[in-house]
Amino acid sequence: MKLTEKSKHLMSFFLKNKLISESKHTNKTDSILLTLYDDILNAYIYLLSLKKNKREKYYKLNIKKIVSAHQITKPKNFNSNSFPKEIRKTIDDNSSTEILYSFSLFDRNIKVFFIVEESIDRIKIETYNKHIDNIVLWLYILNEYGSKKCSANFTTYFYFTKLEKHVPDSNIDIIDQIHVNTGFTTTCPADSEIVIFREEEWFKVFIHETFHNFALDFSDMNNTTCHRTILNIFNVNSQVNLYEAYTEFWAEIMNITFCSFLSLKKKENEEEFLTNCEFLINFERTYSFFQMVKALDFMGLTYTDLYHKKHESIVMRSTLYKENTNVLAYYVIKTIMLNNYQSFLSWCKINNLSLLQFKKTVSNQSEFCKFIQKNYKTRSMLENVYKMESFYAGQIKDNSLTSNKASGKNDIHSFIINNMRMSICEMG
């Protein structure tokens, strides 16, 4: 496994700036991570047997040159307005090649489209074959944990646009889908579609969307009471959508376990897997604080402004907090969970039907809300927020001082300051 260049830049930056103390794993956490290791290993063994039995090709492959926009395959269940306008235009203007993989697994008919900007003569098909292998690994695990009733016909559209997520250009703008989102789907239809419209973070986002699609989260429940509880903590103008925080937490954890496993030279090396996981999860934890502080700073807010009872904070959050997408869930609540990820992993093992499958009861929703209540202003949480807010203020100052100087180094720093991606670990 290799990391993308952007992932390397981010990791290098936070290796030099170790602000948040690492969370050393307990035996209980290692045990949970080894459960996930066993899941991936079993999936890996299954993939090898599948390739052996099918003589390498367990799928049908079709590659098509795209000459005009009307040739681009689009989802059937979503209209064009489901895409942000800029994304839609980029897909129509820049798509050059369509790669389709078709296969049947686990009593499901599966199609995976990659619509890419590379011309057909420049396509490295081995790269996409590896992508499909990794997708199958995750589908194997999904089949173990997810609902068997979901997605009998399962189609995923990967529109590999080069558009990256970044903070809005103007502070009068509101953080919206174009700045934050990468995909969309629905919950557990028989004929299901997932749409992912950026190359950036594609595999992590695929995990995220399949959590919804295979009904592993609680997006199909009535969330009114739980949302009211969260808004009593963070009294801001937000739809909350707490299930998005649950889903994003698990998408990032599973993405890390995949990165950790695929980097193993010897796949049976459990100790190295655990070392990799601890290293990468702590990176994600640090990065999550950085991104939360960034999103709130764009609004002119600090973390304590979201919940403090003093008059100034009440006025600031009621005036300045604005979102047109799930900022509270993705950047704030998920960070609370990642800060105390070991406890939340244990919470899932104790409270869920299975490690990944949320137990869809009102009482379990309530227990999840209690976890947020218990952890949103712990000493660890507030200390880490304070460190990151101070650090970020310095980075913003440095960026403004160097923004007029053209250099590769400054381009990297500008990317670090302006990107809105949610995860730091990304497989190349």
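Numbering of the sequence shown is given in the UniProt record's numbering, commencing with residue 1 and proceeding in unit increments.
Just so you know, even glycine gets a beta-carbon here, dropped at the ideal spot from N, CA and C.
Predicted model only: the values in this text are computed from it and were never measured.
Rounded Cβ spacing between residue i and residue j (contact assumed at less than 8 Å)
{"i": "L328", "j": "R317", "result": "At roughly 11 Å, the Cβ-Cβ gap does not stay under 8 Å, so L328 and R317 are not in contact."}
{"i": "Y287", "j": "I424", "result": "4 Å"}
{"i": "I175", "j": "A295", "result": "7 Å"}
{"i": "S102", "j": "S151", "result": "No, S102 and S151 are not in contact; Cβ-Cβ is about 15 Å, not under 8 Å."}
{"i": "T185", "j": "I194", "result": "4 Å"}
{"i": "I91", "j": "T4", "result": "Not confirmed; about 21 Å, so no contact."}
{"i": "V180", "j": "Y330", "result": "7 Å"}
{"i": "I336", "j": "M381", "result": "7 Å"}
{"i": "I115", "j": "T73", "result": "7 Å"}
{"i": "E117", "j": "N94", "result": "5 Å"}
{"i": "M388", "j": "F290", "result": "6 Å"}
{"i": "A251", "j": "I207", "result": "4 Å"}
{"i": "F415", "j": "K6", "result": "7 Å"}
{"i": "L163", "j": "L47", "result": "The pair is not a contact, with the Cβ atoms about 31 Å apart (cut-off 8 Å)."}
{"i": "L274", "j": "L41", "result": "Contact flag wrong, Cβ pair sits at about 13 Å."}
{"i": "K360", "j": "M221", "result": "6 Å"}
{"i": "S390", "j": "C226", "result": "Contact doesn't hold; Cβ gap of about 33 Å is too wide."}
{"i": "I396", "j": "Y341", "result": "Contact flag wrong, Cβ pair sits at about 27 Å."}
{"i": "P75", "j": "Q177", "result": "With 8 Å as the limit, P75 and Q177 do not qualify as a contact, their Cβ atoms being about 16 Å apart."}
Buried versus exposed call for residue i [16 or more other C-beta atoms within 10 Å across all chains shown]
{"i": "A406", "result": "Any reading at A406 needs caution, since the residue's pLDDT is 49, under 50, leaving its predicted position unreliable; the model's value is listed next. Result: exposed."}
{"i": "G146", "result": "buried"}
{"i": "L306", "result": "buried"}
{"i": "K39", "result": "At residue 39 the sequence reads Asp, which differs from the Lys that was named. So D39 counts as buried."}
{"i": "Q71", "result": "exposed"}
{"i": "K204", "result": "buried"}
{"i": "I135", "result": "buried"}
{"i": "R122", "result": "exposed"}
{"i": "H212", "result": "buried"}
{"i": "S260", "result": "buried"}
{"i": "K334", "result": "buried"}
{"i": "R379", "result": "exposed"}
{"i": "E209", "result": "buried"}
{"i": "I196", "result": "buried"}
Rounded straight-line distance, which links the Cα of residue j to that of residue i
{"i": "N276", "j": "S23", "result": "13 Å"}
{"i": "L356", "j": "Y140", "result": "14 Å"}
{"i": "N324", "j": "N237", "result": "10 Å"}
{"i": "R228", "j": "D411", "result": "42 Å"}
{"i": "S219", "j": "L242", "result": "9 Å"}
{"i": "K148", "j": "F106", "result": "9 Å"}
{"i": "N326", "j": "K52", "result": "43 Å"}
{"i": "I63", "j": "S96", "result": "11 Å"}
{"i": "K349", "j": "K16", "result": "34 Å"}
{"i": "N399", "j": "F249", "result": "30 Å"}
{"i": "S354", "j": "S346", "result": "12 Å"}
{"i": "N352", "j": "V362", "result": "13 Å"}
{"i": "I87", "j": "W202", "result": "15 Å"}
{"i": "I417", "j": "S68", "result": "37 Å"}
{"i": "K8", "j": "F214", "result": "32 Å"}
{"i": "L216", "j": "L142", "result": "9 Å"}
{"i": "A104", "j": "K111", "result": "The sequence shown places Ser at residue 104, not Ala. Cα to Cα, the separation comes out at about 9 Å."}
{"i": "N77", "j": "Y159", "result": "16 Å"}
{"i": "S263", "j": "K2", "result": "8 Å"}
{"i": "T127", "j": "G428", "result": "9 Å"}
{"i": "residue 431", "j": "I132", "result": "The structure shown does not extend to residue 431, since the chain is modelled only from 1 to 428, so the question has no answer here."}
Reference residue i; option with closest CA among the options
{"i": "R421", "options": "I87, I336, V167", "result": "V167"}
{"i": "R198", "options": "T187, G183, C188", "result": "G183"}
{"i": "Y58", "options": "K130, N351, I32", "result": "K130"}
{"i": "E271", "options": "N27, I20, L3", "result": "N27"}
{"i": "F279", "options": "S21, I120, L50, V332", "result": "S21"}
{"i": "F344", "options": "I314, E426, T29, E244", "result": "T29"}
{"i": "N384", "options": "H311, S414, N339", "result": "N339"}
{"i": "N153", "options": "I281, E426, R108", "result": "R108"}
{"i": "Y376", "options": "I230, S31, P189", "result": "I230"}
{"i": "K266", "options": "M221, K18, S31, Y37", "result": "Y37"}
{"i": "C369", "options": "T224, E144, N419", "result": "T224"}
{"i": "S170", "options": "I256, E98, D297", "result": "D297"}
{"i": "D173", "options": "I372, M11, L320", "result": "L320"}
{"i": "K65", "options": "I120, I45, E144, K89", "result": "I120"}
{"i": "K165", "options": "K60, E200, G394, Y392", "result": "E200"}
{"i": "H308", "options": "I125, E144, F113, N232", "result": "N232"}
Near the ligand FAD: residue i beta-carbon under 7 Å from a heavy atom
{"i": "T302", "result": "Annotation note on the ligand FAD: not contained in the displayed structure, which lists no ligands."}
Cβ of residue i within 8 Å of any chain C Cβ
{"i": "L105", "result": "No chain C appears in this structure, which consists of one protein chain only."}
Complete beta strand (DSSP E) runs within the stretch 129 to 172 (minimum length 3 residues, chain order): 153 to 160
Which runs of the alpha helix (DSSP H) spanning at least 4 residues fall entirely within the stretch 317 to 370, listed in chain order? 334 to 339, 341 to 351
Please specify which runs of the alpha helix (DSSP H), each continuous and at least 4 residues long, are wholly inside the stretch 70 to 139, giving them in chain order. 85 to 94
Which ranges does the alpha helix (DSSP H) cover as unbroken runs of at least 4 residues, wholly within the stretch 195 to 260, from first to last along the chain? 202 to 213, 224 to 233
Quick check for students: name the residue ranges of the alpha helix (DSSP H) that lie wholly in the stretch 254 to 297, counting only runs of 4 or more. none
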